[in-house]
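Here's the structure, in structure tokens; my notes come after.
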Amino acid sequence: MKNIIKKIELRLQVNGETKQWSIAPGDLLLDLLRREGYYGVKRGCEKGECGACTVLVNGKAVNSCLMFAAQAEGADVLTIEGLAQGDVLHPLQEAFLELGAVQCGFCTGGMILSAKALLDRNPRPTEEEVREVMAGNYCRCTGYQKPVEAVLAAVGQTIAFRGLSSSVREARVKRGKTDDKKRSSVLRGGKR
Ligand code: FES
Ligand code: FES
């Protein structure tokens, strides 16, 4: 007998907004979010290995390529687009920007959301705990050192941060803000 269920109605919160979408039962959360314009949710390996598609579902970091959209019924979903408050970046985004932890940015949204989930449950993680969480988010560009420093800096755990931060700031002033604008947009999810 043919499956006669073609569409189902899904209600959930995305970045604090209530959404109701018609979906197919087999739609993946990754596909749905990108279809709806949340391009900060990146399509990487689609096998649960790279972490580029990470979003928070009820505060927990999940690989959206491994989750059916239907499983998010009634859930609170946070994508990287929902992290900044207007023009004010989240401390994690600010630290990534300050410490030069963003290069191409493909992994960055997922990385920051994984870090947020960690800090929400453990506001004073050790470097080892940060590294363990970040291991689920592959980065081809940065070698992890800067993202790990940025996460620790975001919770004020590196004394060096303030000094480093001011020297990074001076460099930013010297070269102008063009790069920062580009990076800031990447930190908010960027485009496709
Ligand atoms: S795209 Fe989901 S883990 Fe790689
Ligand atoms: S910044 Fe390019 S993959 Fe991480």
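In my numbering, the protein residues as written are 1024 to 1215. For glycine and all other residues, C-beta sits at the position ideal for the given N, C-alpha and C. All values reported here derive from a predicted model rather than from experimental measurement.
{"Query": "Note the first and the last residue of the continuous beta strand (DSSP E) segment covering Val1080.", "Result": "1077 to 1080"}
{"Query": "Alpha carbon to alpha carbon, what distance is there between Ile1031 and Ser1207?", "Result": "36 angstroms"}
{"Query": "Per the contact definition of three or more C-beta pairs closer than 8 angstroms, is the stretch 1103 to 1113 in contact with the stretch 1151 to 1164?", "Result": "no"}
{"Query": "Using a threshold of 7 angstroms, is the CB atom of Arg1066 nearer than that to any non-hydrogen atom of ligand 1?", "Result": "yes"}
{"Query": "Applying the criterion that 16 or more other CB atoms from any shown protein chain within 10 Å of the CB defines a buried residue, is Asn1081 buried or exposed?", "Result": "exposed"}
{"Query": "Reducing DSSP to helix, strand and coil, say where Val1046 ends up.", "Result": "The question names Val, but residue 1046 in the sequence shown is Ile. Residue state, collapsed to three classes: strand."}
{"Query": "With a threshold of 7 angstroms, establish whether the CB of Val1111 neighbours any heavy atom of ligand 2.", "Result": "no"}
{"Query": "Using only the alpha-carbon positions, how far apart do Arg1220 and Gly1179 sit?", "Result": "There is no way to answer for residue 1220, as the model of the chain reaches only from 1024 to 1215."}
{"Query": "Using a Cβ distance threshold of 8 angstroms, determine whether the stretch 1078 to 1098 contacts the stretch 1044 to 1057, with at least three qualifying pairs required.", "Result": "yes"}
{"Query": "Three or more C-beta pairs under 8 angstroms: does that hold for the stretch 1124 to 1139 against the stretch 1165 to 1179?", "Result": "yes"}
{"Query": "Does at least one heavy atom of ligand 4 sit under 7 angstroms from the Cβ of Cys1076?", "Result": "This structure lacks ligand 4; the ligands present are ligand 1 and ligand 2."}
{"Query": "Is the beta carbon of Leu1120 closer than 8 angstroms to that of Leu1175?", "Result": "no"}
{"Query": "Determine the burial state of Gly1039: buried for a count of at least 16 other Cβ atoms within 10 Å of its Cβ, exposed for fewer.", "Result": "exposed"}
{"Query": "Answer with buried or exposed for Asn1145, where buried requires no fewer than 16 other C-beta atoms within 10 angstroms of its C-beta.", "Result": "exposed"}
{"Query": "May I have the straight-line CA-CA distance separating Ile1046 from Leu1033, to the nearest angstrom?", "Result": "7 angstroms"}
{"Query": "I'd like to confirm the pairing. Which residues does DSSP put opposite Lys1083 in its beta bridges?", "Result": "Val1080"}
{"Query": "Helix, strand or coil: which one does DSSP assign to Gln1036?", "Result": "strand"}
{"Query": "Please go through the same chain and pick out, in chain order, the residues whose beta-carbon is closer than 8 angstroms to the beta-carbon of Leu1142, but skip the five residues on each side of it.", "Result": "Leu1115, Pro1148, Val1174, Ala1177, Val1178"}
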